[in-house]
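Line order of the protein sequences matches chains V and R. Counting along the first sequence from 1, when you hit position 9 you're at 11 in our numbering, and nothing is skipped either side. Counting along the second sequence from 1, when you hit position 159 you're at 257 in our numbering, and nothing is skipped either side. Here a beta-carbon is modelled for each residue, glycine too, at the ideal position from N, C-alpha and C. Below is one structure; the comments refer to it alone.
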Amino acid sequence: MKNSRKIVLLGLLIALTSNIFSQTVIKGKVLSKKQPLPGISITLKDTYDGTTTDSLGTFKFTTTEKGEFTLTITGIGFAPFEQKVTLPSNQPIVLEINLKEDVTELNAVILSAGTFEAGDKKRAAVMSSIDIATTAGSNADISAALKTLPGTQQVGEQEGLFVRGGTGYETKQYIDGNLVNNPYATSVPDIATRGRFSPFLFKGTVFSTGGYSALYGQALSSVLLLESIDLPEKSEVDASFSPIILGLGTQQLAKNKKSSYGFSYNYVNVGLYFAAIKQTPDYFKMPQFHSGDANFRIKTKNGGMLKYYTTFSYSNLGLRRPDIDSSYLKDAFSLNNTNWYNNLSYKGNLSKGWKMTLGASFSTNLDKIQQQVQDAADQPKQFASNVYWMNNKNFTLHNLQNLYLGRAVFEKKIKGLSAWRFGSEYWRMDYRPTFNNAVYKLIDNYSALFTEASIYLSKDLAAQIGTRFEHSSIINKSDIAPRVSLAYKTGKKAQVSLAYGIFYQKPEATQLYAGTNVGFTKAIHYIASYQKTDNDRNFRTEVYYKKYRDLIKQVPVSSSYTTYNNSGDGYAKGVDVFFRDKKTVKNLDYWVSYSYIDTKRNYNNFPDLLQPNFAANHNVSIVTKRFFTEMKSGFNLTYSWASGRPYYNILADVNNKYYIADQGKAKTYNNLSFSAEWIPSLGKENPKSFIVLFASVNNILGANNVYGYNYSYNGNFKEPVTPTSKRFYFIGCFISWGVDRTQDAINNNL
Amino acid sequence: MKKSIFLFLAAFSFTAAFSQSEKYTAAMKKNLALFDSAKTAASYTAMANTFERIGDAEKTQWAPYYYAALALSSVGWMPETSDKDANAEKMLAFCTKAEALAPDNAAKSEIETVRNMASTQQMMVNPQARWATYGKAAGEALQKAMTLNANNPRAYYLQGMSLMGTPAAFGGGKDKAKPVFEKAIELYKAEKPATLYPDWGKKQAEEALAQCQ
């Protein structure tokens, strides 16, 4: 028994002494790409032992631990590294460790060729959401603000974004991934209408001027991707007052900040305004717009987000202009529009790094359009059938356009930022126009399958490879559209990008009514870009080449009947430059855009390759914003300039061949616009209401801008297409009464 | 005899456990003393690494992670620190670990003050663009710190600093900051921090108040 006690004590003694005497030295160097790394933590896991590398990347520490241990090497911006060690060791353990840089959204190269982002959190953003509202000349219209970016044209006679030699209908808009069928208020001849959606609905805007992702399709030139806001920051009631607009709305955020709902109503009537500011057309029905919207948003348990947004609008207008073929006749155009848009989306996390985005949308749009030739007494005028060019001006059109849409996208995170995405979408377009009592019907079932992989080989080199398969039932054609982009970081803040892609778009409905024996139109994009981004400065330049194939051409069969085929083609090439600077002049924020384009296309009724009438060779925009905190006011000036656009009078000869009867170049476009906002409640502690007073003038200098010319039937007279008035003024007051839920949420979580 | 060996072993393991806690307290105190002498980003980074090691080894203590984050906040205030976002993200990661282990509201309140500094540092990267997001997060952290412990002087000190850095037109300025610093100093004087609980900021608050005079 005594012996056993001795053995126990002896054992303890050995254990203690060995603890004291068997010290191991662990030392070495930590590097990344042959550069020594200071400040890296070396830890003997689950002990206090370890150290930090010095400025030369070296480290040294001693430990008295025994057994199998893991040495972990960690540092900010680097992937952790582990090494097994056996302790004690008589010899010092010497290690040379090479760490790999982490690939994170903050340091990685951005796949950005062709893309402009606007958002508050995005690193690559060139504009923030509030920038869209405070760009002078935009009057909070998203498309108008985007026209200050390079690659776009200053087209004022019709709505849409005309990007890099593409027409307005070659740019498509998506909300939360779902195509929007009627993004603008219905066209009125020679007037650009506004977008239906307020910039304040969205937290992020991606404007691609080309080479966009395989997740989107059916746009030859460009896509505008709008991402709606998640939950609002607080519950509030909003009101807007202006001689033109009255609006009232609310957003209610649940106490637990997990869900919200809201609705609003706006009424626009320009009667007062048009009485004060003379308009060129004679409005016999003052433009009026009623619009209401509603939404709900729910944050689900696993971090998913369910969002629903709907908007309903009803508008009415009628205007009269002198008829170009007569000295006393007038053309009276009236439009009555009903539009209902619904969008449901769900974004959620599945297990094992999978994400899912589901979307569904339904929209219906009914236009009731009537045009009448009227005499001096505003009475309808009829013509004999042989005067068909006058007869054609008398028409009624009831155009019903429905779109049903479903979409699913799955994403799997591979490693770091690398991800694989695939999905499918289905659109059913159901158009039922009635033109002068003739009933038409157009139904297209369009389906697409797409897949895309973003691969980050390192933080400096990334590639995105995707492809899209599409089928349209009405033309019974399929296509495969590959897309590739590459990005390489050339410096800490600089990178170059390349993009290539094939893009298809089915012919427009107006062309399909004449016959469905046509195929997809096609564009091939090649883009190279360089960009340098700093917090306060952003410079980018892109060169591009675009090839158009299979564009739709009109083939006149007789004076009243035209067919269409895919024999058109064309090209566009140019340079875009963008520079934004918030640094050089204190408190002044400005950006400059310049684009040069050389483009020709042979499409529609063009007899040959021609520079299209919407394309100016040179476009310049200078946007400036300055906020004076002491005055709680901001002042914004935007100057846009474009070289003259060509115009043509294209007629068919006796053999039904098109020829150019007349052509010319319109004068240069100039527009200096100003806006100012005053925010009196700014900086008040817990203000109960938040007030913004806003005023703007477009085209302060009153430049006589000419967008193009309309020709008389015989081609002897031409008349300039101009804005409906030289200047546009707006003044408004926006108030919100808010209930900040922050304190509630804090109390609930305690 | 068997019994006595058993007792001996029991006593031994008790001392071992006791010495473990002693070892922890001693290591913490030794490293906390370094806060006064640290001046460079490198020395603060090394301290943060040391506290992280202690935290990882202990697994149940909130204080090491709190001090690791606090050490990094000193790195974040230095103008030469290039990647403030990454530094702040690391601070916030430490705060999350500390919060999961925090035994009481006083500790949680201290953690919120560090969260406030992390968000403030991220906001300062680009104040105009980030005011609405990071600035808001910083304000929320401070409010939460005050709700958790209305007598936390560091929360008031940080509020004062934030007011001092905000233009008068936005509701800040020295006039607004002064009473907040006075309140902070009053609370500092009354403060009796528990063992290993933070007590920093009194001197800084006094200096800041002097600037407001």
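Worksheet item: Do Gln507/V and Thr523/V have their CB atoms nearer than 7 Å?
Response: Walking along the first sequence from the start, residue 507/V turns up at place 505. Walking along the first sequence from the start, residue 523/V turns up at place 521. Note that the C-beta distance between Gln507/V and Thr523/V is below 7 Å.
Worksheet item: DSSP state of Lys508/V, grouped into three classes?
Response: For this step, residue 508/V is matched to residue 506 along the first sequence. Annotated three-state conformation of Lys508/V is coil, per DSSP.
Item to complete: Using three-state DSSP, classify Val662/V as helix, strand or coil.
Response: Locating residue 662/V in the first sequence gives position 660, counting from the first residue. In the sequence on display, residue 662/V carries Ile and not Val. Ile662/V falls in the strand class under three-state DSSP.
Worksheet entry | Residue of Pro289/V, Glu454/V, Asn567/V minimising C-alpha distance to Tyr2/V | Here chain V has residues from 3 to 752 only, and residue 2/V is not among them.
Practice prompt. Pick out the complete alpha helix (DSSP H) segments inside the region 117 to 178 of chain V, 4 residues or longer, and give them in chain order.
Written response: Counting only runs of 4 or more, we get 131 to 136, 144 to 148.
Discussion item. What residue range does the beta strand (DSSP E) around Val375/V cover?
Written reply: Within the first sequence, the letter at position 373 stands for residue 375/V. Per DSSP, Val375/V is one residue of the beta strand (DSSP E) stretching across 356 to 376.
Fill in: For Ala483/V: DSSP bridge partner residues
Reading the first sequence from its first residue, position 481 is the one you call residue 483/V. DSSP lists Arg470/V as the beta-bridge partner residues of Ala483/V.
Worksheet item: For Tyr50/V, which residues in chain R fall below 7 Å Cβ to Cβ?
Response: As a first step, residue 50/V must be located in the first sequence, where it is residue number 48. Residues of chain R whose Cβ lies closer than 7 Å to the Cβ of Tyr50/V are, in chain order, Ala125, Arg151, Ile152, Ala155.
Fill in: Delimiting residues of the alpha helix (DSSP H) encompassing Lys791/V
Residue 791/V lies beyond the residue range present for chain V, which begins at 3 and ends at 752; the question has no answer from this structure.
Worksheet item: Would you report the Cα separation of Thr586/V and Asp536/V, rounded to the nearest angstrom?
Response: Numbered from 1 along the first sequence, position 584 holds the residue referred to as residue 586/V. Numbered from 1 along the first sequence, position 534 holds the residue referred to as residue 536/V. When the Cα atoms are used, Thr586/V and Asp536/V turn out to be separated by approximately 13 Å.
Worksheet entry | DSSP-derived helix/strand/coil call for Val223/R | The count along the second sequence starts at 1 and reaches residue 223/R at position 125. Secondary structure at Val223/R: helix, using DSSP grouped into helix, strand and coil.
Discussion item. For Gln665/V, count the other beta carbons within 10 Å of its own beta carbon; 16 or more makes it buried, fewer makes it exposed. Which is it?
Written reply: As a working note, residue 665/V is residue 663 in the first sequence. Exposed, since its Cβ has fewer than 16 Cβ neighbours within 10 Å.
Worksheet item: Out of Gln155/V, Leu101/V, Phe202/V, which has the shortest C-alpha to C-alpha gap to Ile144/V?
Response: On the first sequence, position 142 is the one that residue 144/V refers to. Comparing Cα positions, the closest option is Phe202/V.
Fill in: Proximity of Asp753/V and Ile476/V at Cβ, strictly below 7 Å
No answer is possible for residue 753/V: the residues shown for chain V start at 3 and end at 752.
Practice prompt. Indicate the three-state DSSP secondary structure (helix, strand or coil) for Lys300/R in the structure shown.
Written response: As a working mapping, residue 300/R is identified with position 202 in the second sequence. Three-state DSSP puts Lys300/R in a helix.
Worksheet item: Which bits of chain V does Asp181/R rub up against, with CB to CB less than 9 Å?
Response: Working through the second sequence from its first residue, we reach residue 181/R at position 83. Those are Ile78, Gly79, Leu108, Asn109, listed as they occur along chain V.
Worksheet item: Going along the chain, which residues of its own chain have a beta-carbon closer than 6 Å to the beta-carbon of Asn749/V, five neighbours each way excluded?
Response: Working through the first sequence from its first residue, we reach residue 749/V at position 747. Confidence at Asn749/V is low in this model, with a pLDDT of 43, below 50, so its placement is unreliable and no value can be given for it.
Discussion item. Rounding to the nearest angstrom, what Cα-Cα distance links Ser266/V and Asp295/V in this structure?
Written reply: Indexing the first sequence from 1 puts residue 266/V at position 264. Indexing the first sequence from 1 puts residue 295/V at position 293. Rounded to the nearest angstrom, the two C-alpha atoms are 5 Å apart.
Practice prompt. Determine the DSSP secondary structure at Thr640/V, reduced to helix, strand or coil.
Written response: Taking the first sequence and counting its residues from 1, one reaches residue 640/V at position 638. In the three-state reduction of the DSSP assignment, Thr640/V falls in the strand class, which pools E and B.
Fill in: Closer than 7 Å at the beta carbon, the chain V residues around Ala143/R
As a working mapping, residue 143/R is identified with position 45 in the second sequence. Per the sequence presented here, residue 143/R reads as Thr, with Ala not at that position. Those are Gly41, Thr54, listed as they occur along chain V.
Discussion item. On the DSSP letters alone, give me the boundaries of the alpha helix (DSSP H) that Tyr715/V sits inside.
Written reply: Numbered from its first residue, the first sequence carries residue 715/V at position 713. That residue, Tyr715/V, is in no alpha helix (DSSP H); it is neither H nor E in DSSP.
Discussion item. Measuring only the C-alpha atoms, how far is Trp739/V from Met633/V?
Written reply: Locating residue 739/V in the first sequence gives position 737, counting from the first residue. Locating residue 633/V in the first sequence gives position 631, counting from the first residue. The straight-line gap from Cα to Cα measures roughly 22 Å.
Worksheet item: So is Thr136/V buried or exposed if we call it buried at 16+ other beta carbons inside 10 Å?
Response: Numbered from its first residue, the first sequence carries residue 136/V at position 134. Classification for Thr136/V: buried.
Discussion item. Cutting at 7 Å between CB atoms, please list the residues of its own chain near Gln613/V, excluding the five before and the five after it.
Written reply: Looking up residue 613/V in the first sequence gives position 611. Counting only residues of its own chain and dropping the five nearest sequence neighbours on each side, Gln613/V has a CB closer than 7 Å to the CB of Thr601, Lys602, Pro648.
Worksheet entry | Cβ-based contacts, 7 Å cut-off: residues of the region 257 to 289 of chain R near chain V | Shown in chain order are the members of the region 257 to 289 of chain R whose Cβ falls below 7 Å from a Cβ of chain V: Pro265, Ala267, Phe268, Gly269.
Worksheet item: Using the beta-carbon of each residue, which ones in chain R are nearer than 9 Å to Thr45/V?
Response: Looking up residue 45/V in the first sequence gives position 43. In chain order: Asn147, Glu150, Arg151, Asp154, Ala155.
Discussion item. As a quick exercise: from Glu229/V, Glu238/V, Gly306/V, Tyr731/V, pick the residue whose alpha carbon is nearest that of Lys260/V.
Written reply: Taking the first sequence and counting its residues from 1, one reaches residue 260/V at position 258. Ranked by Cα distance from Lys260/V, the first of Glu229/V, Glu238/V, Gly306/V, Tyr731/V is Gly306/V.
Practice prompt. For Ala216/R, I'd like the list of residues in its chain whose CB is within less than 6 Å of its CB, leaving aside the five on either flank, ordered along the chain.
Written response: Locating residue 216/R in the second sequence gives position 118, counting from the first residue. Residues of the same chain with a CB within less than 6 Å of the CB of Ala216/R, apart from the 5 flanking positions on each side, are Ala186, Met189, Leu190 in chain order.
Worksheet item: Quick one: does Ala312/R have its CB under 7 Å from some CB of chain V?
Response: The structure shown has nothing for residue 312/R, since chain R only spans 99 to 311.
Fill in: Coarse secondary structure for Glu238/R, derived from DSSP in three states
Taking the second sequence and counting its residues from 1, the one referred to as residue 238/R is at position 140. Of the three classes helix, strand and coil, the one that applies to Glu238/R here is helix, per DSSP.
Practice prompt. Rounded to whole angstroms, what's the CA-CA distance from Glu197/R to Asn203/R? Just pull it up for me.
Written response: On the second sequence, position 99 is the one that residue 197/R refers to. On the second sequence, position 105 is the one that residue 203/R refers to. Roughly 10 Å between the two C-alpha positions.
Worksheet item: So, Asn318/V versus Asn341/V, is the Cβ gap smaller than 7 Å?
Response: Here the question's residue 318/V lines up with position 316 in the first sequence. Here the question's residue 341/V lines up with position 339 in the first sequence. Asn341/V is positioned such that its CB atom lies no closer than 7 Å to that of Asn318/V.
Worksheet item: Alpha carbon to alpha carbon, how far is Ile504/V from Leu611/V?
Response: Stepping through the first sequence from its first residue, residue 504/V is reached at position 502. Stepping through the first sequence from its first residue, residue 611/V is reached at position 609. Using only the alpha carbons, I get a separation of about 21 Å.
Item to complete: For Tyr255/R, I'd like the list of residues in its chain whose CB is within less than 6 Å of its CB, leaving aside the five on either flank, ordered along the chain.
Response: In the second sequence, counting from the first residue as 1, residue 255/R sits at position 157. Cβ neighbours of Tyr255/R beyond the five flanking positions: Ala282, Gly299, Ala303.
Worksheet item: Name the chain R residues that come within less than 7 Å of Asn537/V, Cβ to Cβ?
Response: One-based indexing of the first sequence puts residue 537/V at position 535. Listed by position along chain R, the residues whose Cβ is nearer than 7 Å to that of Asn537/V are Val223, Asn224.
Fill in: Closer than 7 Å to chain R by CB, Thr26/V
Along the first sequence, read from residue 1 onward, the residue named residue 26/V stands at position 24. Contact of Thr26/V with chain R is not assigned, every C-beta pair being separated by 7 Å or more.
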